[in-house]
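At position 72 of the sequence shown (counting the first as 1) the number is 169 in the working numbering, and the numbers step up by one without a gap. Just so you know, even glycine gets a beta-carbon here, dropped at the ideal spot from N, CA and C. What follows is a single structure, written as structure tokens, with notes after it.
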Amino acid sequence: MKAPQPPAPVEATFDSLGLKPALVEALSALGYEEPTPIQAAALPPLLAGKDLLGIAATGTGKTAAFALPLLNHVEPGACRPNTTSALVLVPTRELAMQVSEAIHRYGQKLGISVLPLYGGQVIGQQLRVLKRGVDVVVATPGRALDHLRRGTLQLDDVRVVVLDEADEMLDMGFAEDLEAILSGTPEDRQTALFSATLPPRIASIAERHLHEPVRVKIAREKVEQGEIPRVRQTAYVVPRAFKIATLGRLLDVESPTAAIIFCRTRTEVDDLTVSLNGRGWRAHALHGGMTQEQRDRVIKQLKSQGTDLLVATDVAARGLDIPRLSHVVNFDVPNAPEAYVHRIGRTGRAGREGVAITLVEPREHRLLRNIERVTGQRIEVSTVPTVADMREKRQEMLRASLRETLVAGEYESLRNVVESLASEFDAMDIAAAAVKLLHEAQDEGRDTEETEIPVVAPPQERRERTGGKFGAPPGRPGRPERGPKARGGPPTWDVTRLWIGAGRHAGVRPADLVGAIAGEAGVESSKIGAIQIGDAFSLVEVPESDANRIIAALKNATLRGKKVLVRKDRS
Ligand code: AMP
Numbered sequence: 098m099k100a101p102q103p104p105a106p107v108e109a110t111f112d113s114l115g116l117k118p119a120l121v122e123a124l125s126a127l128g129y130e131e132p133t134p135i136q137a138a139a140l141p142p143l144l145a146g147k148d149l150l151g152i153a154a155t156g157t158g159k160t161a162a163f164a165l166p167l168l169n170h171v172e173p174g175a176c177r178p179n180t181t182s183a184l185v186l187v188p189t190r191e192l193a194m195q196v197s198e199a200i201h202r203y204g205q206k207l208g209i210s211v212l213p214l215y216g217g218q219v220i221g222q223q224l225r226v227l228k229r230g231v232d233v234v235v236a237t238p239g240r241a242l243d244h245l246r247r248g249t250l251q252l253d254d255v256r257v258v259v260l261d262e263a264d265e266m267l268d269m270g271f272a273e274d275l276e277a278i279l280s281g282t283p284e285d286r287q288t289a290l291f292s293a294t295l296p297p298r299i300a301s302i303a304e305r306h307l308h309e310p311v312r313v314k315i316a317r318e319k320v321e322q323g324e325i326p327r328v329r330q331t332a333y334v335v336p337r338a339f340k341i342a343t344l345g346r347l348l349d350v351e352s353p354t355a356a357i358i359f360c361r362t363r364t365e366v367d368d369l370t371v372s373l374n375g376r377g378w379r380a381h382a383l384h385g386g387m388t389q390e391q392r393d394r395v396i397k398q399l400k401s402q403g404t405d406l407l408v409a410t411d412v413a414a415r416g417l418d419i420p421r422l423s424h425v426v427n428f429d430v431p432n433a434p435e436a437y438v439h440r441i442g443r444t445g446r447a448g449r450e451g452v453a454i455t456l457v458e459p460r461e462h463r464l465l466r467n468i469e470r471v472t473g474q475r476i477e478v479s480t481v482p483t484v485a486d487m488r489e490k491r492q493e494m495l496r497a498s499l500r501e502t503l504v505a506g507e508y509e510s511l512r513n514v515v516e517s518l519a520s521e522f523d524a525m526d527i528a529a530a531a532v533k534l535l536h537e538a539q540d541e542g543r544d545t546e547e548t549e550i551p552v553v554a555p556p557q558e559r560r561e562r563t564g565g566k567f568g569a570p571p572g573r574p575g576r577p578e579r580g581p582k583a584r585g586g587p588p589t590w591d592v593t594r595l596w597i598g599a600g601r602h603a604g605v606r607p608a609d610l611v612g613a614i615a616g617e618a619g620v621e622s623s624k625i626g627a628i629q630i631g632d633a634f635s636l637v638e639v640p641e642s643d644a645n646r647i648i649a650a651l652k653n654a655t656l657r658g659k660k661v662l663v664r665k666d667r668s
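Given below as structure tokens:
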């Protein structure tokens with residue numbers, strides 16, 4: 098099947114748009130590498146002072162698309178008491194908080210003041226802040242109208258009005274409130290209206306309140322079928338706080354040969370890479386903030402099987418061709434369907450079936466539907482594997498290895514071990530005990546999740562449009578499954594304990610471990626601490642500063658003639 102072509106490069110960069118330097122700096126600090134499609138299309142007209150009608154859902158980057166021009170226009174601290182320079186209207190209290198936070202983040206270096214106003218807040222505090230004058234007010238229509246009626250918020254100095262998620266505001270019955278608010282703002286204001294859909298009622302508001310608006314709609318109607326690779330596509334709906342735990346579990350169950358995990362920003366790439374490495378995975382970061390040399394090194398490692406997981410931004414992974422990729426993971430839903438198609442095209446090469454996994458936050462499910470509509474393919478929404486599922490998967494793998502060993506034979510020399518026990522114990526018990534040892538050895542060094550991950554049902558279209566809450570029944574709680582571990586004495590220096598997947602049964606002795614670590618990684622033997630040898634694994638204390646080098650060196654080495662697994666121990 099023909100691999101999809103990379104999308105045409107987006108010409109715009111944040112530097113070339115004419116944003117104030119403080120805003121460009123803020124974006125760079127947040128790790129944004131390039132404008133999303135809605136930003137590339139909406140920023141130029143909005144920065145030029147035009148009105149805009151944008152059709153875009155949450156997750157496309159629309160907040161920055163209106164917030165950056167707004168921040169570029171507004172003069173910090175210029176408003177009189179009880180007035181504001183910019184008014185952003187949003188349907189819900191959650192969105193009011195989210196949008197204010199985003200505006201605060203983007204505009205912090207400019208010294209912009211932002212105030213969210215929504216029902217249920219203590220009014221006294223709002224009144225005090227409003228009295229001083231606020232550069233940007235982000236409000237739900239009902240609460241904004243309250244303040245207008247009290248005279249505690251006046252709109253005479255408003256330069257910019259944004260209606261965010263306008264279709265939701267109408268669905269929630271705010272039509273009249275919106276009319277009343279808009280009619281209280283100056284005629285010559287700039288207005289931007291964003292909506293996920295364009296029903297006639299929105300078109301009519303746009304007609305009456307926007308002045309010769311530029312229309313922006315990003316999604317292409319269809320992607321050519323030949324562009325879409327043969328990939329198993331699954332999505333998991335999880336709240337943000339549980340994404341890393343979910344990813345760990347999915348990686349455990351899916352056991353990818355090699356995977357790319359896509360994030361939206363450099364900062365997310367760096368944070369996720371650290372988290373994954375801390376959980377025992379071998380992950381490398383790839384983003385535009387790295388030097389070419391660093392990037393080349395990471396790509397070489399992935400190609401030569403030294404790396405299992407690459408955590409990357411779209412920009413950095415553009416043009417990358419890694420044939421052995423089995424999985425593509427979207428840690429966030431990509432902000433345009435084209436980006437999704439391009440990302441999943443990294444796997445499923447050469448006629449093999451690849452796997453694409455997407456983690457979706459509850460609010461972002463619309464983006465998923467958008468992608469399905471554009472690609473004409475279904476993305477199955479699945480539930481996150483429970484600890485019981487993971488246990489089941491491991492048992493399945495255990496059975497497979499046992500079956501393989503039974504078929505291959507070559508265990509004659511161990512028969513006597515079983516025979517000597519057979520007079521005391523039942524043969525089934527002996528076999529089960531042996532399996533237990535193997536199971537524990539396999540579990541060693543694995544991340545057995547204890548986190549309870551809520552199961553979030555994808556919201557129904559209707560429920561979501563009326564602002565209803567999503568059901569979130571608790572997932573089955575998981576119990577930690579930890580095998581027994583040999584423990585060393587207290588460390589006398591900054592140490593890390595390494596777990597090595599070979600022990601007494603493989604004939605490993607302390608001298609082999611010291612020899613391998615000193616010989617392969619060049620670490621002085623005097624720096625190697627406590628060594629413990631279990632039946633199927635060994636634990637070695639090494640200086641923290643040398644741990645990664647030792648792991649990398651031992652990966653290419655053999656112990657007693659066999660390649661072994663080495664990772665940081667997580668007891
Ligand atoms: P929104 O659609 O505004 O809710 O944004 C969705 C997410 O995309 C937010 O987490 C933003 O921080 C992030 N985001 C927005 N613009 C960009 C960009 N140009 N590059 C990377 N991430 C972005």
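Say the cut is 8 angstroms; is the CB of residue 429 nearer than that to a heavy atom of the ligand AMP? Stepping through the sequence shown from its first residue, residue 429 is reached at position 332. Flag set: Cβ of residue 429 near the ligand AMP.
Which partner residues of residue 130 appear in the DSSP bridge assignment? Against the sequence shown, residue 130 aligns to sequence position 33. Beta-bridge pairing links residue 130 to no other residue.
Using the rule of at least 16 other Cβ atoms within 10 Å of the residue's Cβ for burial, across every protein chain shown, is residue 145 buried or exposed? As a working note, residue 145 is residue 48 in the sequence shown. Residue 145 is exposed by the Cβ-count criterion.
For the ligand AMP, I want to know if residue 195 counts as a neighbour, meaning its beta carbon is within less than 8 angstroms of at least one of the ligand's heavy atoms. The residue given as residue 195 occupies position 98 in the sequence shown. Checking the Cβ of residue 195 against the ligand AMP gives yes.
Best match in 625, 619, 149 for proximity to residue 594 [C-alpha to C-alpha]: Position 497 of the sequence shown holds residue 594. With distances taken between Cα atoms, residue 594 lies closest to 625.
Just verifying my parser: in three-state terms, what is the DSSP assignment at residue 373? Taking the sequence shown and counting its residues from 1, the one referred to as residue 373 is at position 276. Looking at residue 373 - three-state DSSP - the assignment turns out to be helix.
So, with DSSP's three-state summary, where would you put residue 427? Residue numbering aside, residue 427 sits at position 330 when the sequence shown is read from its first letter. Residue state, collapsed to three classes: strand.
Whole angstroms is fine: what's the gap from residue 434's alpha carbon to residue 157's? Residue mapping note: residue 434 aligns to position 337 of the sequence shown, counting from 1. Residue mapping note: residue 157 aligns to position 60 of the sequence shown, counting from 1. Whole-angstrom Cα-Cα distance: 10 angstroms.
For residue 451, which option in 485, 370, 356 has the closest C-alpha, if you only look at C-alpha atoms? Walking along the sequence shown from the start, residue 451 turns up at place 354. Per the Cα distances, 356.
For residue 136, is the beta carbon positioned less than 8 angstroms from some heavy atom of the ligand AMP? As a first step, residue 136 is located in the sequence shown; it is residue number 39 there, counting from the start. Because some heavy atom of the ligand AMP lies under 8 angstroms away, the Cβ of residue 136 counts as near it: yes.
Cβ of residue 311 within 9 angstroms of any chain D Cβ: No chain D appears in the structure shown, which is made up of a single protein chain.
Go ahead and label residue 601 buried or exposed: buried means 16 or more other beta carbons lie within 10 angstroms of its beta carbon, across all protein chains shown. Residue mapping note: residue 601 aligns to position 504 of the sequence shown, counting from 1. It is exposed - the Cβ of residue 601 has fewer than 16 other Cβ atoms within 10 Å.
Distance between residue 308 and residue 142 (C-alpha atoms, nearest Å): Taking the sequence shown and counting its residues from 1, the one referred to as residue 142 is at position 45. Taking the sequence shown and counting its residues from 1, the one referred to as residue 308 is at position 211. Going from the Cα of residue 142 to the Cα of residue 308 covers about 13 angstroms.
Output the distance between the C-alpha atoms of residue 111 and residue 197, rounded to the nearest integer angstrom. For the purposes of this step, residue 111 is taken as the residue at position 14 of the sequence shown. For the purposes of this step, residue 197 is taken as the residue at position 100 of the sequence shown. Their backbone Cα atoms lie some 21 angstroms apart in a straight line.
Going along the chain, which residues of its own chain have a beta-carbon closer than 8 angstroms to the beta-carbon of residue 155, five neighbours each way excluded? Translated into positions along the sequence shown, residue 155 becomes position 58. The answer, listed in chain order, is 262, 293, 460, 461, 463, 464.
Quick check: what's the CA-CA separation for residue 113 versus residue 364? Residue 113 sits at position 16 when you count from the first residue of the sequence shown. Residue 364 sits at position 267 when you count from the first residue of the sequence shown. About 22 angstroms.
How many Å lie between residue 276 and residue 242 at the Cα? Mapped onto the sequence shown, residue 276 falls at position 179. Mapped onto the sequence shown, residue 242 falls at position 145. Computed Cα separation, rounded: 10 angstroms.
For residue 605, I'd like the list of residues in its chain whose CB is within less than 7 angstroms of its CB, leaving aside the five on either flank, ordered along the chain. Mapped onto the sequence shown, residue 605 falls at position 508. If we look at residue 605 and ignore the five residues flanking it on each side, its Cβ neighbours are 599, 630, 635, 656, 657.
Check residue 151 in the structure and name its three-state DSSP category. Reading the sequence shown from its first residue, position 54 is the one you call residue 151. In this structure, residue 151 counts as strand in the three-state DSSP scheme.
Using only the heavy atoms of the ligand AMP, determine whether one of them is closer than 8 angstroms to the beta carbon of residue 361. What you label residue 361 is simply residue 264 of the sequence shown in a count that begins at 1. Yes, since a heavy atom of the ligand AMP falls inside the 8 angstroms radius drawn around the Cβ of residue 361.
Other residues of its chain near residue 123: CB distance less than 8 angstroms, five sequence neighbours each side excluded: As a first step, residue 123 is located in the sequence shown; it is residue number 26 there, counting from the start. Correct list, in chain order: 202, 203, 204, 205, 206.
Going by C-alpha to C-alpha distance, which of 209, 179, 189, 180 sits closest to residue 164? Counting from 1 along the sequence shown, the entry for residue 164 is found at position 67. Considering only alpha carbons, the answer is 209.
Helix, strand or coil: which one does DSSP assign to residue 505? Start at 1 with the first residue of the sequence shown, and residue 505 comes out as number 408. If DSSP states are grouped into helix, strand and coil, residue 505 belongs with the helices.
With a threshold of 16 other CB atoms inside 10 Å of the CB of residue 522, please say whether the residue is buried or exposed. In the sequence shown, residue 522 corresponds to position 425, counting from 1. Classification of residue 522: exposed, given that the 10 Å Cβ count is below 16.
Please determine if the region 177–195 and the region 235–252 are in contact, where contact requires at least 3 C-beta pairs separated by less than 8 angstroms. yes
Across which residues does DSSP place residue 478 in a beta bridge pair? Within the sequence shown, residue 478 is the residue found at index 381, counting from 1. According to DSSP, which records beta bridges pairwise, residue 478 is partnered with 332.
What first and last residue would you give for the alpha helix (DSSP H) that runs through residue 343? The residue labelled residue 343 in the question sits at position 246 within the sequence shown. Its alpha helix (DSSP H) spans residues 340–351.
Please tell me whether, using a cut-off of 8 angstroms, the distance from the CB of residue 131 to the nearest non-hydrogen atom of the ligand AMP is below it. Position 34 of the sequence shown, counted from the first residue, corresponds to residue 131. True, at least one ligand heavy atom lies under 8 angstroms from that Cβ.
Can you tell me which of the three DSSP states residue 451 falls into? The count along the sequence shown starts at 1 and reaches residue 451 at position 354. Strand, per DSSP.
Going by DSSP, what residue range makes up the alpha helix (DSSP H) through residue 436? What you label residue 436 is simply residue 339 of the sequence shown in a count that begins at 1. Element bounds for residue 436: 434–441.
The ligand AMP and residue 340: does the residue's C-beta get closer than 8 angstroms to at least one heavy atom of that ligand? Working through the sequence shown from its first residue, we reach residue 340 at position 243. It does not: the Cβ of residue 340 is nowhere closer than 8 angstroms to a heavy atom of the ligand AMP.
Around the Cβ of residue 333, are there at least 16 other Cβ atoms within 10 angstroms (buried) or fewer (exposed)? Taking the sequence shown and counting its residues from 1, the one referred to as residue 333 is at position 236. With 16 or more other Cβ atoms within 10 Å, it is buried.
With DSSP as the reference, identify every bridge partner of residue 357, one or two as the case may be. To locate residue 357, count along the sequence shown from 1; it is residue 260. BP columns for residue 357 point to 407, 425.
In whole angstroms, what separates the C-alpha of residue 271 from that of residue 348? Residue 271 sits at position 174 when you count from the first residue of the sequence shown. Residue 348 sits at position 251 when you count from the first residue of the sequence shown. Cα to Cα, residue 271 sits roughly 44 angstroms from residue 348.
For residue 419, does the three-state DSSP call read helix, strand or coil? The count along the sequence shown starts at 1 and reaches residue 419 at position 322. Coil, per DSSP.
Quick check on DSSP: helix, strand or coil for residue 660? Counting from 1 along the sequence shown, the entry for residue 660 is found at position 563. Note: residue 660 maps to strand in three-state DSSP.
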